[in-house]
Amino acid sequence: MELRKLILMATILLSSCIEQQSLLPTGTELLKNTDFSSSMDNVSPWIAVSSPGFNLGVSDTVFRSGSRSIFIKNTDIFNENSGNWTQVYNGSIPGPGQRVRLRAHLKGENIRLFTPNSNVFISLRFFPVQDSGGSLAGRFISSQQQIRVDGTFDWRPIELVVNSVPEDVESVAVFLVMGPRVTGKVYFDDVTLTVD
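For our numbering, add 4 to where a residue sits in the sequence shown, where the first one is 1.
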């Protein structure tokens, strides 16, 4: 009887150690090149995903920290496309239930929103897009409906908190987006994705 209790306690202790080892420490930064200044040649691993009508680029004159920022610009009020910058993280994934926080700073020049769903926003997508049970729930999170930006404004923070990382995650994609029917120019800088 005592041996059984001892084996049970050892199993519980071992399971808890294994579970704790898989959790990433609070404050762990998951993204690279968060201020777009790690190389003078490019902003890798950030990738511009341009749609017709959008101008995506790097600014050496407008930035919050480091020496550069990235921007998205659109002048066509009827443009139904969206422009975005993205980075995919596929390193050690936070464990299910861990909290992550996506933060960015943005600066706007003449931002105008032409529909109720138009916006500039940040978002996260967990891959695969379906968990092992076939559920899509909690695998795409966006600030699109939380904060609306317009006009001309100096650097302001925007953030998105995921209170519980879903199960079966292999990678995480961060998107910095100027959505459909938005005109103006938006700059992004100091983009971080940290374990909270």
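All residues carry an ideal CB built from backbone N, CA and C; glycine is no exception.
Euclidean distance between Cα positions of residue i and residue j
i	j	result
Arg-185	Thr-65	27 Å
Phe-157	Ser-168	32 Å
Met-182	Gly-138	30 Å
Val-175	Asn-94	It is worth fixing the name first, because residue 175 is Ser in this sequence and not Val. Going from the Cα of Ser-175 to the Cα of Asn-94 covers about 4 Å.
Asp-39	Phe-67	9 Å
Ile-74	Thr-187	16 Å
Asp-200	Asp-154	29 Å
Val-53	Glu-33	23 Å
Arg-160	Ser-63	17 Å
Asn-85	Gln-148	15 Å
Gln-102	Gly-31	12 Å
Ser-43	Leu-35	15 Å
Val-47	Gly-61	10 Å
Closest by C-alpha distance to residue i, when choosing among the options
i	options	result
Val-124	Gly-112, Asp-200, Ser-139, Gly-99	Gly-112
Asp-135	Ala-177, Glu-171, Phe-40	Glu-171
Pro-100	Phe-130, Leu-106, Arg-72	Phe-130
Phe-82	Ser-63, Leu-117, Val-104	Leu-117
Arg-152	Pro-120, Gln-102, Gly-142, Asn-37	Pro-120
Val-173	Gly-142, Asn-78, Gln-150	Gly-142
Leu-128	Gly-70, Ala-177, Gln-149, Ser-69	Ala-177
Contacting residues, own chain, Cβ-Cβ under 8 Å from residue i (five flanking each side not counted)
i	result
Gln-25	Its pLDDT being 42, under 50, Gln-25 is placed unreliably by the model, and nothing is read from it.
Ile-51	Trp-89, Thr-90, Gln-91
Asn-114	Gly-155, Thr-156, Thr-187, Gly-188, Lys-189
Cβ-based burial, residue i [other Cβ within 10 Å; buried from 16]
i	result
Ser-122	buried
Ile-162	buried
Pro-49	exposed
Asn-59	exposed
Pro-56	exposed
Arg-72	buried
Pro-29	exposed
Contacting residues, own chain, Cβ-Cβ under 7 Å from residue i (five flanking each side not counted)
i	result
Asp-45	none
Leu-180	Asn-88, Trp-89, Ala-108, Ile-126, Phe-192, Val-195
Arg-105	Glu-163, Val-165, Thr-198, Asp-200
Leu-140	Val-133, Gln-134
Ser-69	Asp-39, Asp-193, Asp-194
Thr-79	Thr-187
Beta-carbon proximity list for residue i, same chain, < 6 Å, skipping 5 on both sides
i	result
Ser-41	Gly-70, Ser-71, Arg-72
Please list the segments of the beta strand (DSSP E) lying wholly inside the region 51-94, counting only runs of 3 or more residues, in order along the chain. 51-53, 58-63, 73-78, 87-93
Tell me the start and end of each unbroken beta strand (DSSP E) in the region 117-150 that is at least 3 residues and wholly inside, in chain order. 124-131, 144-146
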